[in-house]
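Okay, structure first, notes after.
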Amino acid sequence: MLIGLRDMLAAAEKGQYAVIAPDFTDFSVVQLLIEQAERLRAPLLLSFSPGLKYDMTPRQYARFIRLVREEAQIASVPLGLHLDHAFTLADIREAIDIGFTSVMIDASREMWEVNIERTCEVVQMAHAAGVAVESELGHVAVGSQYDAQEDQNDHHGWLTEPDQAVEFVKQTGVDALAVAVGTIHGVYTGEPILDFKRLETIHQMVDIPLVLHGASGTGPENLRKAVKLGIRKINVFSELVQTLRSELLTGLQADPSFHTMAHKRKAVRQVMDLYLEASGSIGVVKDQPVGLVSRVNELFNNGYACSESVFLAFAERGGFASDIALQSLSMFLGGLCLKGETCGALMGALAVIGAVQSSINPVDKTRRETAITTGKACIDWFQQEMGTTCCRTLTGINLNDPEERQSFKDQQIGPKVCIPALEKTTRWLIKNLEGFKDE
Ligand SMILES: [Zn+2]
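Numbering (this note's numbering), first residue to last: 159 to 597.
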């Protein structure tokens with residue numbers, strides 16, 4: 159399932175591990191990363207760098223990201239969708255609009271004031287949309303600039319100062335802080351030398367999760383130590399693309415059948431085995447997810463409409479998550495656009511039945527009729543069980559009226575009426591559709 163950065167990193171802090179944040183390059187890599195996360199029962203923060211989006215048209219980019227979101231929603235482990243290293247507000251605005259769950263603003267090469275100002279702007283924009291923000295203080299440079307042994311002064315000039323980190327977090331309200339403690343983007347030209355003392359001090363002084371960029375080539379021992387001293391998110395890109403590249407090159411040379419997926423799988427598995435082990439996140443996801451009834455409640459309490467809550471919970475389990483379906487279902491809020499007509503829980507249930515039983519082929523009458531029969535049975539059951547299918551009769555509230563909408567909250571109609579209706583509807587669907595259990 160898709161979850162936000164804050165929840166993901168709070169769990170990491172509690173469990174004293176780090177979440178691996180690999181940058182993906184194409185959809186097959188996303189699928190393979192999720193496959194490995196599910197195999198090793200680890201959460202993952204799927205990351206995408208805006209640098210790669212320029213190879214796509216805006217439409218291709220938006221559809222690609224939607225596919226990634228939907229793939230993440232049907233996974234059995236928690237996944238986030240993170241925009242990595244955005245340098246412009248336009249890239250961040252676009253990412254929020256197309257469904258990234260967190261973003262990184264990188265103004266780390268700018269002056270202190272500019273970094274603060276830009277980060278504040280992003281925090282304001284992202285938080286308004288419920289999206290978490292990572293920012294970088296100090297600067298994680300690229301490999302060619304790195305010579306830890308010979309140029310200690312310059313090198314240390316980039317590192318994060320603990321006092322400044324405290325002030326930066328206080329002034330910006332950022333959710334996660336990328337720190338420069340000696341790692342490097344790309345390929346190291348010398349031995350990686352991490353300033354663990356500095357990391358430990360920052361962790362003691364700053365109360366938000368810390369992020370380590372430039373993990374490629376840093377080595378599992380250094381990474382394990384960094385996690386022990388407070389790193390909660392580890393970015394990896396170079397090592398993943400290098401391994402993918404070499405596996406594809408050698409694999410395809412010996413394999414005329416063009417099994418790219420198999421070669422990519424080998425590479426992704428190799429890198430994820432290494433990083434997930436070093437992060438301490440293997441096995442942290444409990445095999446038993448929350449039950450369907452609880453999940454519907456959780457979604458409803460997180461602000462989804464009745465119709466969306468039912469659909470998304472079943473879509474996650476049934477593998478048919480669709481952002482567009484969800485957007486369409488949001489129109490059924492409050493009995494069709496707040497008009498108090500058909501109850502959203504019932505509309506969501508019909509959408510689930512359609513997704514499970516109907517066919518996209520208009521000529522496939524058999525499947526379509528099966529779905530219609532189940533849908534009718536659901537409507538009849540709802541009418542009998544609840545006494546009505548009408549939202550306004552059920553809630554006793556005219557949601558179209560702003561004052562009455564307030565009394566929806568004051569009188570706790572959600573917990574008293576909507577949640578019981580959602581629970582009953584969910585149980586009916588579990589009983590009447592194949593392949594769903596309340597666990
Ligand atoms: Zn980075």
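From the three backbone atoms N, C-alpha and C, an ideal C-beta is built for every residue, glycine too.
Model, not experiment: these values are computed from the prediction.
State yes or no: is the C-beta of residue i within less than 8 Å of the C-beta of residue j?
i    : j    : result
V145 : L239 : A query on residue 145 cannot be resolved here, the shown segment of the chain reaching from 159 to 597 and no further.
A338 : G296 : yes
T584 : L450 : yes
A290 : T341 : no
K328 : F354 : no
G492 : L410 : no
M419 : S186 : yes
L203 : V177 : yes
L496 : L484 : no
L237 : A195 : yes
T500 : C549 : yes
Y175 : V442 : yes
K422 : L190 : yes
A336 : E292 : yes
V385 : V324 : no
By Cβ distance below 7 Å, which residues in the same chain neighbour residue i in space, the five residues on each side in sequence not counted?
i    : result
L193 : Going by the sequence as given, residue 193 is Glu instead of Leu. Contacts found: none.
W316 : G296, H297, A299, A338
A425 : T401, L402, E405
Q598 : It is not possible to answer for residue 598, since the shown part of the chain is limited to 159 through 597.
R526 : S516, S517
V575 : L552, T553
R267 : H297
What residues in its chain sit with their C-beta under 8 Å from that of residue i, if we drop five residues either side in the sequence?
i    : result
S250 : Correcting the residue type first, residue 250 is Ile in the shown sequence and not Ser. So the qualifying residues of the chain are L241, A244, V261, I263, V280, M283, A284.
D481 : R224, R227, E228, G257
F416 : L410
G288 : G162
C278 : Q329, T330, G331
E562 : I555, N556
Out of the options, point me to the one whose CA is closest to residue i's CA.
i    : options                : result
T528 : N556, T553, E592, T547 : E592
V226 : N590, P208, S207, G257 : G257
T547 : I518, I530, L494       : L494
I537 : N455, Q189, A579, G173 : A579
L587 : P367, G506, V364       : G506
S452 : E466, E581, L407, S516 : E581
L544 : I555, R526, E561, A503 : The question names Leu, yet the displayed sequence has Met at residue 544. Ranking I555, R526, E561, A503 by Cα distance to M544 puts A503 first.
A253 : I274, L508, A220, Y212 : A220
N393 : R199, I232, A436, Q362 : A436
V448 : M214, V235, A195, T215 : V235
G476 : Q174, D184, A233       : A233
Y346 : A334, G375, L368       : G375
Roughly how many angstroms separate the alpha carbons of residue i and residue j, rounded to a whole number?
i    : j    : result
M166 : G344 : 26 Å
L398 : V510 : 38 Å
Q564 : D255 : 29 Å
F566 : E456 : 19 Å
I351 : P573 : 55 Å
N460 : V454 : 10 Å
K172 : D596 : 27 Å
P201 : T551 : 43 Å
R440 : E319 : One detail in the question is off: residue 440 reads as Ile in this sequence, not Arg. If I take the Cα positions, the gap works out to 32 Å.
Q570 : F458 : 14 Å
L370 : K391 : 6 Å
F594 : Q542 : 23 Å
R197 : R164 : 24 Å
E474 : M269 : 44 Å
L210 : Q218 : 12 Å
N380 : A535 : 60 Å
D413 : D445 : 37 Å
Residues in its own chain within less than 6 Å of residue i by CB, not counting five upstream and five downstream?
i    : result
F472 : V510
F478 : A513
D181 : S205, S207, D242, F395
So within the region 365-400, which uninterrupted beta strand (DSSP E) runs reach at least 3 residues, ignoring any that extend past its ends? Counting only runs of at least 3 residues, the region 365-400 fully encloses the following beta strand (DSSP E) elements, listed from N- to C-terminal order: 368-370, 389-394.
Can you check the region 169-200 for any alpha helix (DSSP H) of at least 4 residues that lies completely inside it and give the ranges in chain order? DSSP runs (the alpha helix (DSSP H)) wholly in the region 169-200: 185-197.
Ignoring anything shorter than 3 residues or poking outside the region 239-303, list the beta strand (DSSP E) runs there in chain order. As far as the region 239-303 is concerned, its whole beta strand (DSSP E) runs of at least 3 residues are 260-263, 290-295.
Taking only runs of the alpha helix (DSSP H) that begin and end inside the region 467-540, which ones reach a length of at least 4 residues, in chain order? As far as the region 467-540 is concerned, its whole alpha helix (DSSP H) runs of at least 4 residues are 481-487, 502-515.
Counting only runs of 4+ residues fully inside the region 532-595, write out the alpha helix (DSSP H) ranges in chain order. Within the region 532-595, the runs of alpha helix (DSSP H) at least 4 residues long that lie entirely inside it are, in chain order, 549-553, 560-568, 577-590.
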